[in-house]
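Structure first, then comments.
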Amino acid sequence: MSKDTTMNFEAMTQGLAEHDTTFALKQVDVVAQFLKAALPYPYDVNLFSHIYVLISRIRKFVKLPIEDQDITRLKEKVHNYPDLFSVSEMVKRNLENYLGESISENEVYYLFQYLISARFTGTDFKTKAGTSAYTFSEALIELVSHDIQLPDDKPAMIEELVPHVAPMLNRLENNIRLPNALLKEIQGEYPNVYHSVLHATDILAKEYGLPEISADEVGFLSLYIAKYMESFKKPKKAIVICTTGLGSSELISAKIRKDLPELEILDVISNLNLEKSLAKHPDVDILISTINLPKQKQIPQVLVSAMFTGKDKNKVEEALRGR
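Going from the sequence shown to our numbering is simple: count from 1 and add 3.
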């Protein structure tokens with residue numbers, strides 16, 4: 004805990020249950036240790052209070068209400084803070100072991116929400132062998148860029164990565180393992196990035212004399228890189244084609260814009276105007292049509308229904324993933 008908190012700790016915890024106090028304090032230290040970051044006052048006290056009150060609530064079988072939309076909103080943030088979510092999962096498991104009973108998954112999101120809002124402090128980390136987080140990040144980005152196309156602004160990407168690499172190096176140095184709650188999801192959603200980072204970290208671990216970098220850590224790094232790439236991703240471009248032209252094409256294009264807002268529709272045409280549209284838009288990425296079309300070299304085409312159903316959306320997304 005912070006120096007300010009330690010100085011006043013006895014006064015703050017007077018009258019609290021000793022065992023629960025000790026456990027809650029240990030969880031604050033667990034969070035700081037795994038994130039390789041310090042929680043300054045009053046954030047450390049607030050986290051301690053959150054955990055202490057949580058123990059009391061669970062013992063009294065009291066559950067806090069949480070709206071479905073709030074859970075959905077927090078779930079959307081998990082990919083942006085995978086380390087905070089994984090630490091929240093770890094604290095939940097520690098609580099379950101301490102109390103001897105299972106805890107609602109909603110409690111993970113309450114804790115996750117607090118950690119997102121907390122102000123962690125920390126600096127660049129350097130291993131005993133002298134490898135800094137910046138040096139590792141720079142080398143990692145360079146190696147990954149040989150396999151996949153990264154945004155042009157690599158220095159900014161490196162700066163974004165350093166705060167995540169620093170706690171990872173600290174965990175490696177101290178033989179600390181942080182399970183990645185999103186690992187399978189990351190491997191499935193970003194396979195190319197994951198395998199590139201896996202190959203790069205294997206090289207860097209040997210080059211810098213580091214312990215083997217686990218799949219969990221590779222997953223964290225992959226997600227940070229993938230999310231940064233997505234923030235710079237150019238929208239995919241589509242041409243929408245129907246036999247009857249504008250009437251049905253405009254209907255389907257409206258549904259596509261609603262269901263796939265990241266897709267830029269260049270043209271809405273009848274099949275008779277396809278060649279002219281292709282000549283006008285040589286940069287098109289995909290053709291979305293309600294009728295069979297002549298095969299176009301290097302341009303994927305997807306046959307969909309005029310109602311553009313969820314199944315059609317999945318077909319388009321699958322075709323775009325191959326681009």
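Glycine is no exception: its CB is placed at the ideal position from the N, C-alpha and C atoms.
Please read these numbers as outputs of a predicted model, since none were measured by experiment.
Whole beta strand (DSSP E) elements within the region 189-237, 3-residue minimum: Counting only runs of 3 or more, we get nothing.
Does the region 222-230 touch the region 259-267, meaning 3 or more C-beta pairs lie closer than 8 Å? Short answer: they don't touch.
Simplified DSSP state of Ser292, which is helix, strand or coil: Your numbering for residue 292 matches position 289 in the sequence shown. The answer is strand: DSSP assigns Ser292 an E or B state.
Where does the unbroken alpha helix (DSSP H) through Gln299 begin, and where does it stop? For the purposes of this step, residue 299 is taken as the residue at position 296 of the sequence shown. Element bounds for Gln299: n/a, residue is neither H nor E.
In chain order, which continuous runs of the beta strand (DSSP E) of length 3 or greater are located wholly inside the region 150-190? Runs found: none.
With 16 other Cβ atoms within 10 Å as the buried cut-off, status of Thr327: Residue coverage of the chain in this structure runs from 4 to 326, which leaves residue 327 outside it and unanswerable.
Put Thr126 into one of helix, strand or coil per three-state DSSP. By one-based count along the sequence shown, residue 126 stands at place 123. With a pLDDT of 48 at Thr126, under the threshold of 50, the modelled position of that residue is not reliable, and the figure given next carries that caveat. Coil.
For Ile289 and Ser148, the rounded distance between their alpha carbons: Your numbering for residue 148 matches position 145 in the sequence shown. Your numbering for residue 289 matches position 286 in the sequence shown. Cα to Cα, the separation comes out at about 26 Å.
To the nearest angstrom, how far is the alpha carbon of Glu108 from that of Arg60? By 1-based counting over the sequence shown, the position of residue 108 is 105. By 1-based counting over the sequence shown, the position of residue 60 is 57. Spanning the two alpha carbons is a distance of roughly 15 Å.
Let me check understanding here. Comparing Cα to Cα, which of Ile144, Val165, Asn49 lies closest to Leu114? Looking up residue 114 in the sequence shown gives position 111. Restricting attention to Ile144, Val165, Asn49, the CA atom closest to the CA of Leu114 is found in Asn49.
Roughly how many angstroms lie between the CA atoms of Phe37 and His198, to the nearest whole one? Within the sequence shown, residue 37 is the residue found at index 34, counting from 1. Within the sequence shown, residue 198 is the residue found at index 195, counting from 1. Cα to Cα, the separation comes out at about 24 Å.
Can you grab the Cα-Cα spacing for the pair Lys318 / His22, in whole Å? Against the sequence shown, residue 318 aligns to sequence position 315. Against the sequence shown, residue 22 aligns to sequence position 19. Going by the C-alpha atoms only, they are around 55 Å apart.
DSSP three-state label for Val271, please. Taking the sequence shown and counting its residues from 1, the one referred to as residue 271 is at position 268. Strand, per DSSP.
How big is the Cα-Cα spacing for Ser91 and Ala322? On the sequence shown, residue 91 is found 88 positions in, with the first residue counted as 1. On the sequence shown, residue 322 is found 319 positions in, with the first residue counted as 1. One C-alpha to the other measures close to 36 Å.
Beta-bridge pairing of Ile244 - partner residues as DSSP gives them: Within the sequence shown, the letter at position 241 stands for residue 244. Ile244 is bridged to Ile272, Ser292.
Determine the burial state of Met343: buried for a count of at least 16 other Cβ atoms within 10 Å of its Cβ, exposed for fewer. Lying before the first or after the last residue shown, residue 343 is absent from the chain, which here runs from 4 to 326.
Take Ala218 as the anchor and find which of Lys157, Glu253, Leu201, Lys209 has the nearest alpha-carbon. Your numbering for residue 218 matches position 215 in the sequence shown. The option with the nearest alpha carbon to Ala218 is Leu201.
Could you tell me whether the Cβ atoms of Ile291 and Val307 are closer together than 7 Å? Stepping through the sequence shown from its first residue, residue 291 is reached at position 288. Stepping through the sequence shown from its first residue, residue 307 is reached at position 304. Taking 7 Å as the Cβ cut-off, Ile291 and Val307 qualify as a contacting pair.
The alpha helix (DSSP H) with Asp410 in it runs from where to where? With the chain represented from 4 up to 326, any question about residue 410 goes unanswered, as that position is not in the structure.
Which whole-angstrom value is the C-beta distance of Gly222 and Asn178, which I expect to be below 8 Å? Against the sequence shown, residue 222 aligns to sequence position 219. Against the sequence shown, residue 178 aligns to sequence position 175. With 8 Å as the limit, Gly222 and Asn178 do not qualify as a contact, their Cβ atoms being about 19 Å apart.
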